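Number of protein chains: 2
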Amino acid sequence: MLIPQPQQGTLADLATHKLAHSIVTGELAQGQKLNEAELAERFGMGRGPLREALRHLEGMRLVKRTPNAGARVVVLDRKTLSDLYTVREALEGMACRIAATQMSDDEIEQLSALLDKHETQIAEQGGKVYAQSEGDLDFHYQIARGSRNQMLMDMLGSEQYQLLRMCRYRTSRNAQRTKPALSQHRQIVQALANRDGELAEMLMRRHIQGAWRSISEMIDREEAA
Amino acid sequence: MLIPQPQQGTLADLATHKLAHSIVTGELAQGQKLNEAELAERFGMGRGPLREALRHLEGMRLVKRTPNAGARVVVLDRKTLSDLYTVREALEGMACRIAATQMSDDEIEQLSALLDKHETQIAEQGGKVYAQSEGDLDFHYQIARGSRNQMLMDMLGSEQYQLLRMCRYRTSRNAQRTKPALSQHRQIVQALANRDGELAEMLMRRHIQGAWRSISEMIDREEAA
DNA sequence: GCAACTCCAATTGTCGACAAAGTTGGCAAA
DNA sequence: TTTGCCAACTTTGTCGACAATTGGAGTTGC
Numbered sequence: 000m001l002i003p004q005p006q007q008g009t010l011a012d013l014a015t016h017k018l019a020h021s022i023v024t025g026e027l028a029q030g031q032k033l034n035e036a037e038l039a040e041r042f043g044m045g046r047g048p049l050r051e052a053l054r055h056l057e058g059m060r061l062v063k064r065t066p067n068a069g070a071r072v073v074v075l076d077r078k079t080l081s082d083l084y085t086v087r088e089a090l091e092g093m094a095c096r097i098a099a100t101q102m103s104d105d106e107i108e109q110l111s112a113l114l115d116k117h118e119t120q121i122a123e124q125g126g127k128v129y130a131q132s133e134g135d136l137d138f139h140y141q142i143a144r145g146s147r148n149q150m151l152m153d154m155l156g157s158e159q160y161q162l163l164r165m166c167r168y169r170t171s172r173n174a175q176r177t178k179p180a181l182s183q184h185r186q187i188v189q190a191l192a193n194r195d196g197e198l199a200e201m202l203m204r205r206h207i208q209g210a211w212r213s214i215s216e217m218i219d220r221e222e223a224a
Numbered sequence: 000m001l002i003p004q005p006q007q008g009t010l011a012d013l014a015t016h017k018l019a020h021s022i023v024t025g026e027l028a029q030g031q032k033l034n035e036a037e038l039a040e041r042f043g044m045g046r047g048p049l050r051e052a053l054r055h056l057e058g059m060r061l062v063k064r065t066p067n068a069g070a071r072v073v074v075l076d077r078k079t080l081s082d083l084y085t086v087r088e089a090l091e092g093m094a095c096r097i098a099a100t101q102m103s104d105d106e107i108e109q110l111s112a113l114l115d116k117h118e119t120q121i122a123e124q125g126g127k128v129y130a131q132s133e134g135d136l137d138f139h140y141q142i143a144r145g146s147r148n149q150m151l152m153d154m155l156g157s158e159q160y161q162l163l164r165m166c167r168y169r170t171s172r173n174a175q176r177t178k179p180a181l182s183q184h185r186q187i188v189q190a191l192a193n194r195d196g197e198l199a200e201m202l203m204r205r206h207i208q209g210a211w212r213s214i215s216e217m218i219d220r221e222e223a224a
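As given, the protein sequences belong to chains A and B, one line each in that order.
Take the first sequence: its letter number 37 is residue 36 in numbering that gives the first Met the number 0, and every next letter is one higher.
Take the second sequence: its letter number 78 is residue 77 in numbering that gives the first Met the number 0, and every next letter is one higher.
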């Protein structure tokens, strides 16, 4: 689970995690109004902690607040997603380049093993693309960790960037792209193993560009229907 | 002023801005404990809005909270700054590449005019490096705007990223680097005018690497003393 | 029939008070 | 003198109530 510590100290943090999860999984629809009193009751807490949670989620860009008019779940329109993937390309490309010089041989080996696991999962899957999607995030996060850059790790992984997971949940249903993605992942690991940072960055950027094209086409089809 | 709307609706937002400003300018020292009751009184508001503001600042990475132990101003140690500049290199490089194809001729012309203004400011300066520092941020933010990518703009400009301004305030006092920086800025504008995105990205990345080296050396000197 | 106005309910913003956790200082025993 | 424990104080976390603003329903006038 990539959502940070599900339970910890304060109610506000708990509410943050619950809400983030509900938003990411789509349990709370995009653009939906978030009623403070109702949510507070559902979580069994007062409105104070819940308001703090909303402020935190606002910082995460998962909700959008307008003064005196409450908070709404963010809507991932085409432009927002496009912007997101551009940022991702820049950040993950950088992470990959650094990881090539910073990761230990052991870590790269584990990354390779992770891909083996994905491969068997895909082979025996059925409709469990969801697992692959989460696994894909794992792969990318491991590389972010490999950069030894805490800010990159925060932005790409735990805290910031839940937007990406949200996007995944929406689009992973009919993702036909698992096999080419896996192949690209293997290429990236190979470049990392060769300690070729420039190549690794380039492969990662192309990988993300490809993912965006795939998602973009999917949105086109959805809009046509 | 790059801090977004100083006064707007709610007290919590107001407190957010005031606190952000105090932290960025160093009025609140790094690592300083933030006492809720005291701050609430100073701002003339209850603790509720102030707590929300702290949550927001936590999302901005300007304060660090530990449950049941309050919030402290973040400390910019060497590693954090290094990570920050790496992220900046990736994001601003990307912004610059896109801006080369997206900015209008008029915008590029204005950018060039901005640099002219900086040049005269530097010539007649004295010790007013501060103004140049803010001006430098302006330059970088204009390029972010040129990318037409709202997420990049948020990350590099208004909301997120006040960390950078904080760093600037700390290091701008004895910045000897204004002249080479201006020259690099001009090169970047030239690349933008030529619509050469790849070159513009490369120049921007080198520019930021140079800035980091300069700051890194400054930290070395400070640590030696 | 449509527009605009008014009033009302619902929702957000704010405050003060209480509960819980953490911190500090002093006191006693080794 | 040092060390460990205990108690009081400080600070954070939480709740309920009140004020202010908004959005909408209903009504009235044109």
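Cβ atoms here follow ideal geometry from the backbone N, Cα and C, with glycine treated the same way.
Remember, predicted model here, so these are calculated numbers, not experimental data.
Limits of the unbroken beta strand (DSSP E) element including residue 62 of chain A = Judged by DSSP secondary structure, residue 62 of chain A falls within the beta strand (DSSP E) whose first and last residues are 62-64.
Separation of residue 23 of chain B from residue 0 of chain B, as counted between CA atoms = For residue 0 of chain B, the pLDDT reaches just 43, beneath the cut-off of 50, and the residue's location in the model is therefore unreliable, although a value from the coordinates is still provided. Roughly 13 Å between the two C-alpha positions.
Starting from the Cα of residue 60 of chain B, find the closest Cα among B:196, B:15 and B:89 and give me that residue.
-> B:15
Contact set between residue 169 of chain B and chain A, taken where Cβ atoms lie within less than 8 Å = Within 8 Å Cβ-Cβ: nothing; residue 169 of chain B doesn't reach chain A, min ~17 Å.
Buried or exposed: where does residue 193 of chain A fall if 16 or more other Cβ atoms within 10 Å of its Cβ makes it buried?
-> exposed
Inter-residue spacing [alpha-carbon to alpha-carbon] between residue 37 of chain A and residue 8 of chain A = 22 Å
Can you find a CB in chain A that lies within less than 8 Å of the CB of residue 126 of chain B?
-> Because the pLDDT at residue 126 of chain B is just 49, under 50, the model does not fix this residue reliably, and the point stays unresolved.
Expected contact under 8 Å - CB spacing of residue 70 of chain A and residue 53 of chain A to nearest Å | 5 Å
Span of the alpha helix (DSSP H) around residue 194 of chain A | Where residue 194 of chain A is concerned, there is no enclosing alpha helix (DSSP H), given that its DSSP letter is neither H nor E.
Within 10 angstroms of its Cβ, does residue 180 of chain A collect 16 or more other Cβ (buried), or is it exposed?
-> buried
CB contact check: residue 23 of chain A to chain B, cutoff 8 Å = no
Indicate whether residue 134 of chain A and residue 106 of chain A have their beta-carbon atoms separated by less than 8 Å.
-> In this structure, residue 134 of chain A sits away from residue 106 of chain A, with a CB-CB distance that is not shorter than 8 Å.
Note the first and the last residue of the continuous beta strand (DSSP E) segment covering residue 69 of chain B.
-> 69-72
Chain-order list of residues whose beta-carbon lies under 8 Å from that of residue 28 of chain B (same chain, five-residue window excluded) = 72
Is it the case that the Cβ atoms of residue 189 of chain A and residue 147 of chain A are separated by a distance below 8 Å?
-> no
Three-state secondary structure assigned by DSSP to residue 33 of chain A | strand
Environment of residue 86 of chain B [buried if 16+ CB atoms lie within 10 Å] = Buried: at least 16 other Cβ atoms inside 10 Å.
May I ask you to report which of helix, strand or coil DSSP gives residue 24 of chain A?
-> Helix at residue 24 of chain A.
Can a CB atom of chain B be found closer than 8 Å to the CB of residue 98 of chain A?
-> no
Go through its chain and collect everything with a Cβ distance to residue 88 of chain B's Cβ below 6 Å, but skip five positions before and after it.
-> 204 and 207
Verify whether the separation of the beta carbon atoms of residue 80 of chain A and residue 62 of chain A is less than 8 Å.
-> no
Residue span of the alpha helix (DSSP H) that contains residue 57 of chain B, given as start and end = 46-58
Going along chain A, which residues have a C-beta under 7 Å from residue 67 of chain B?
-> 8
Taking only the alpha-carbon atoms, compute the straight-line gap between residue 84 of chain A and residue 211 of chain A and give it to the nearest angstrom.
-> 7 Å
Residue range of the alpha helix (DSSP H) that includes residue 82 of chain A | For residue 82 of chain A, the uninterrupted alpha helix (DSSP H) segment begins and ends at 77-101.
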